[in-house]
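Trainee: Numbering (our numbering), first residue to last: 808 to 1020.
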């Protein structure tokens, strides 16, 4: 008889959606309208369609309003609140990763709610490229950089996939709004990069609103 094959690794995504959208000035970006729903609905559906088994959505600013307005009632979606969201993205990352690890995944995807250019194919491409014990990060080849004086695009971008054994130390290394950047730099030998053809910009200012078209 043939040897049984291992099941596909259980993948849990952490969707960071706690910010107040201060720079954009339109309230929490999670609630921005996009494709007939909200941005948090779109991002959650994208992660699930791309191959994630579950999504942990981390809320913060106006969390009660986001819960009421968004369609986050899928059994695969776990909504958690970050009471210290104002301290920066790092605290949301730690809250989300802790909740994700409670689900005993083999790997954790970290994604931002304000990247409407991310599609299911991009998520699937990342998951297919990921290797156990490593980190797989995105690089957006078609991303628009309005300010040409800002320097080259970062080598690593979101979404990214982190082996479950690396997720907690990566989250612990985060501070302020810098996320796991220091962890990636310190462990650059563990990081693989996947190129995506689309535009994975963050929706930060009025100049980025074309991403919602």
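All residues carry an ideal CB built from backbone N, CA and C; glycine is no exception.
None of these values were measured; they are calculated from a predicted model.
#1: Could you give the first and the last residue of the continuous beta strand (DSSP E) run that contains residue 969?
#2: Can you give the beta carbon distance from residue 883 to residue 855, rounded, assuming they're within the 8 Å contact cut?
#3: Hey, how far is the Cα of residue 981 from the Cα of residue 822?
#4: On the DSSP bridge list, what partners appear for residue 888?
#5: By the 10 Å Cβ neighbour count, where 16 or more other Cβ atoms means buried, how is residue 818 classified, buried or exposed?
#6: When the Cβ atoms of the stretch 972-987 are set against those of the stretch 927-934, are three or more pairs found closer than 8 Å?
#7: Taking the C-alpha atoms as reference points, what is the distance between residue 824 and residue 992?
#8: Say yes only if the C-beta of residue 973 is nearer than 6 Å to one or more non-hydrogen atoms of the ligand PLP, and no if none qualify.
#9: Starting from residue 1017, trace the alpha helix (DSSP H) both ways and give me its first and last residue.
#10: By a C-beta neighbour count over all protein chains shown, 10 Å radius and 16 as the cutoff for buried, is residue 970 buried or exposed?
Mentor: Straight from the coordinates:
#1: 964-970
#2: 6 Å
#3: Using only the alpha carbons, I get a separation of about 16 Å.
#4: 866
#5: Residue environment for residue 818: buried (at least 16 other C-beta atoms within 10 angstroms of its C-beta).
#6: The stretch 972-987 makes no contact with the stretch 927-934, as fewer than three CB pairs between them are under 8 Å.
#7: 24 Å
#8: In the structure shown, the ligand PLP is absent, as is every other ligand, since no ligand is present at all.
#9: Looking at the DSSP string, residue 1017 is not in any alpha helix (DSSP H), and its letter there is neither H nor E.
#10: buried
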